[in-house]
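Undergrad:
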Amino acid sequence: MAMAYRIAGIDVHKKMLAVVVADVEVEGEYEFAGQRFGSHPEELRRLSAWLSQQGVEEVVMASTAQYWQPVWGALERSGKPVCHRREGAGGMSGGLPLAQAQSNRGRKGGKKDFPDAERLVKRLVAQELILSFVPEAEQRLWRAVTRRKYQLTRNRVQLPNRLESLLEEAHSKLSSLVSDLLGVSARRWRKGKPIPWL
């Protein structure tokens, strides 16, 4: 008799997760067990424990806005207890596939939590989902640091440009008198103090 291969599907919302689990090696229609969880850390730990109790070997979710990231992180940290490998398991066992949200769209008429989670499982098994690449945790951290550094550098360049635009709208030609609108002389002028060399 073949061992069960259990997959969980998670429909992610801002404050709530609809989670279903099914044995995908059975004949005919899958029988889903479903449960709701919150999205705060304590609930994510409870989710991880529940998935482990259910014997889940693979967890699929859609990349809904940024809401999937804490869920992904919690399951990734809990590691093999949630997505364990059994003897003779296939190559995807232990995976955390992340589906592009568009590839799990249902019919028009609004979202339905548990049916959406069930559809994720069915489409994963049928290989109908478009999966996203998620780098390892360290690489994600470096990407976040690099992105933040880029944003700060861009803001540093944009601020003087915005300031000059604002001064131009106020018919002030300070930028023709000083080379740096954020320098000492410009700050003195903005405080109403005289610029020594004028």
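Under my numbering, the residue at position 16 of the sequence shown is numbered 2, and the numbers go up by one with no gaps. Every residue, glycine too, gets a C-beta built ideally from N, C-alpha and C.
What's the gap between the Cα of residue 116 and the Cα of residue -10?
TA: Distance between the alpha carbons of residue 116 and residue -10 is about 25 Å.
Undergrad: Below 8 Å on the Cβ atoms is my guess for residue 103 versus residue 24; work out the distance and round it to an integer in Å.
TA: That pair is no contact at about 15 Å.
Undergrad: Please classify residue 85 as buried or exposed, where buried requires at least 16 other C-beta atoms within 10 Å of its C-beta.
TA: Per the 10 Å Cβ criterion, buried.
Undergrad: Of all the options 109, 55, 36 and 113, which has the alpha carbon lying nearest to the alpha carbon of residue 120?
TA: Answer by Cα proximity: 55.
Undergrad: Let me make sure I understand the geometry here. Which of 170, 3, 52 and 87 has the alpha-carbon closest to that of residue 110?
TA: It is 87 whose Cα lies nearest to the Cα of residue 110.
Undergrad: For the beta strand (DSSP E) that contains residue 39, what are its first and last residues?
TA: Looking at the DSSP string, residue 39 is not in any beta strand (DSSP E); the run it does join, the alpha helix (DSSP H), is 27 to 39.
Undergrad: What is the rounded straight-line gap between the Cα of residue 154 and the Cα of residue 145?
TA: Going from the Cα of residue 154 to the Cα of residue 145 covers about 14 Å.
Undergrad: Using alpha carbons as the reference points, say which of 4, 123 and 61 lies closest to residue 27.
TA: When each option's Cα is compared against that of residue 27, the closest is 61.
Undergrad: Check whether the Cβ atoms of residue 20 and residue 10 sit closer than 9 Å, and answer yes or no.
TA: Contact: no.
Undergrad: Can you give me the Cβ contacts of residue 48 inside the same chain, cut-off strictly under 6 Å, excluding the 5 residues immediately before and after it?
TA: 85, 87 and 90, listed in sequence order.
Undergrad: Could you check what DSSP says for residue 91 in three-state terms: helix, strand or coil?
TA: Three-state DSSP puts residue 91 in coil, outside helix and strand.
Undergrad: Which residue from 17, 166, 133 and 3 puts its Cα closest to that of residue 147?
TA: Nearest C-alpha to residue 147: 166.
Undergrad: Once the 5 residues before and after residue 40 are set aside, which same chain residues still bring their CB inside 8 Å of it?
TA: Hits under 8 Å: -8, -6, 7 and 19.
Undergrad: Assuming the contact rule is C-beta atoms closer than 8 Å, residue 22 and residue 4 should be a hit. Round their C-beta distance to whole Å, please.
TA: Contact holds; Cβ gap of about 6 Å.
Undergrad: Name the one or two DSSP bridge partners that residue 44 has.
TA: -7, per the DSSP bridge assignment.
Undergrad: How big is the Cα-Cα spacing for residue -2 and residue 58?
TA: Those two C-alpha atoms are separated by around 10 Å.
Undergrad: On the DSSP bridge list, what partners appear for residue 3?
TA: The partner list for residue 3 (beta bridge, DSSP) reads -2 and 23.
Undergrad: Do you know how far the Cα of residue 0 is from the Cα of residue 53?
TA: Cα to Cα, the separation comes out at about 6 Å.
Undergrad: What is the rounded straight-line gap between the Cα of residue 131 and the Cα of residue 17?
TA: Rounded to the nearest angstrom, the two C-alpha atoms are 43 Å apart.
Undergrad: Under a three-way DSSP split, which group does residue 99 fall into?
TA: Looking at residue 99 - three-state DSSP - the assignment turns out to be helix.
Undergrad: Which whole-angstrom value is the C-beta distance of residue 81 and residue 44, which I expect to be below 8 Å?
TA: That belief holds up - the Cβ atoms of residue 81 and residue 44 are roughly 5 Å apart, short of 8 Å.
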